[in-house]
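Data block below; observations after.
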Amino acid sequence: MKEKLLQIKEEALKEFSSCDDLKSLNDLRVKYFGKQGALTVVLKGMRDLTPQERPIIGALVNDVRQNIESSFAKKEEEIATKELAKKLESEKIDITEPSKDCEKGSFHPITRVIDRLSDICVEMGFEVVQGPEIESDYYNFEALNIPQNHPARDMQDSFYITEKFLMRTQTSAVQVREMEKRKPPFKIVSPGRTYRNDSDSTHSPMFHQFEGLVIDENVSMADLKIMLNTMLTKLFGKGTKTRFRPSFFPFTEPSVEVDVTCPNCGGEGCRLCKGTGWLEMLGAGVVNPKVLEMSGIDSKKYKGFAFGPGVDRLAMIENGVTDLKLMFKNDIRFLNQMK
Ligand code: PHE
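Next comes the structure, spelled out in structure tokens:
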């Protein structure tokens, strides 16, 4: 038995030392320590020993086992280190190698205008909110004092989805949603996409508006004027003049259209402003008390004003673009020029 053990030990140590991958190392482990393993078989044979022989052989078995186990562990570590080194070598990255050209993107000109308008308004205490692009007839028209069959519906050629739902034609729908939700006083702006069946070089079926609404006690046309003058001066720079012309919107009374001195020629007259020196920027007005009441706001206590510049027009002016459709084609050559 003693010889058998020593022979196993010698054989095992030899085999372990010549082994050089984890898989065959594992096979060896099974060969010696497994259920049918060489050492296990010897241990089973200890039953037949005499009580005197048992402790001597027992000690020897322990010694052999420890020997094999520690050589096994050493070998295992050695192989793991070697395999890791091999892996690191094969996956090495040369960080000094020149990289592929990585093109830098930029914000879309429309996004830039929206961001600038939002920043200007946030500075003045407005909160930026969003509304759905698929809107009900009620929010888009009815609650804005544009009832069924009202001729004002003809001002906007709409895309209906069902009888009750349409692609919103104006961000003014968000005014109603916010009035229903909030308790005055509040100030919100809401940029977003709007849709009308309209298409030429300055109109696209999908376009952008930037709605603003202020509800408070004692607000008036004068507040609207100061606010818009501040906003437009911040947008176009000092020296910008504005011009308020009477207009009509069913949800504001009185209503105005606001022009600014043409930022291209400074008011001298050029192709952009068709020689007039002015550019039409936005519609605005004092919120019609009927509209306040429909959304649950006490029109005796509160007044409001609203404004709604078209965003695309601003982006076109700023970038000297004459065809609006270019903005939405995603042609990389065009976008590269807009950086
Ligand atoms: N929603 C109007 C339009 O699309 C613009 C507007 C907004 C007018 C807010 C008055 C107040 O033409």
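Reminder that position 154 of the sequence shown reads as 153 in numbering that gives the first Met the number 0, one-by-one numbering, no gaps.
Glycine included, each C-beta is placed from N, C-alpha and C at the ideal position.
It is roughly 39 angstroms from the alpha-carbon of A72 to the alpha-carbon of T95. Going by DSSP, R242 is part of the beta strand (DSSP E) stretching over 241-248. Rounded to whole angstroms, the gap between the alpha carbons of V290 and Q169 is 16 angstroms.
For R192, there is no enclosing alpha helix (DSSP H); the residue is found in the beta strand (DSSP E) stretching over 185-194. Measuring C-alpha to C-alpha distances from T161 to each of F306, E134, E77 identifies E134 as the nearest.
Proximity of the segment 242-257 to the segment 266-276 falls short of the contact definition, fewer than three beta-carbon pairs being nearer than 8 angstroms.
At the C-beta level, V112 and E317 come within 8 angstroms of one another.
The segment 177-189 makes no contact with the segment 313-333; the number of CB pairs closer than 8 angstroms stays below 3.
Assigned with DSSP and collapsed to three states, G284 falls in strand. The beta strand (DSSP E) runs of length 3 or more contained entirely in the segment 80-166 are, from start to end of the chain, 133-135, 164-166. Per the DSSP secondary-structure output, E256 pairs in a beta bridge with R244, G282.
Residue pairing by DSSP places Q208 opposite G191, G309 in a beta bridge.
In this structure, the CA atom of L313 is about 52 angstroms from the CA atom of E90. In this structure, DSSP gives V60 a helical state, which the three-state scheme calls helix. In the three-state reduction of the DSSP assignment, T168 falls in the coil class. Residue pairing for D215: DSSP places it in a beta bridge opposite K302.
In the DSSP secondary-structure assignment, D297 is not bridged to any residue. If you look at F333, you'll find it in the alpha helix (DSSP H) that goes 331-336.
Rounded to whole angstroms, I225 and F304 show a C-alpha spacing of 12 angstroms.
Judged by pairs of C-beta atoms under 8 angstroms, the segment 196-213 does not touch the segment 138-152, as fewer than three such pairs exist.
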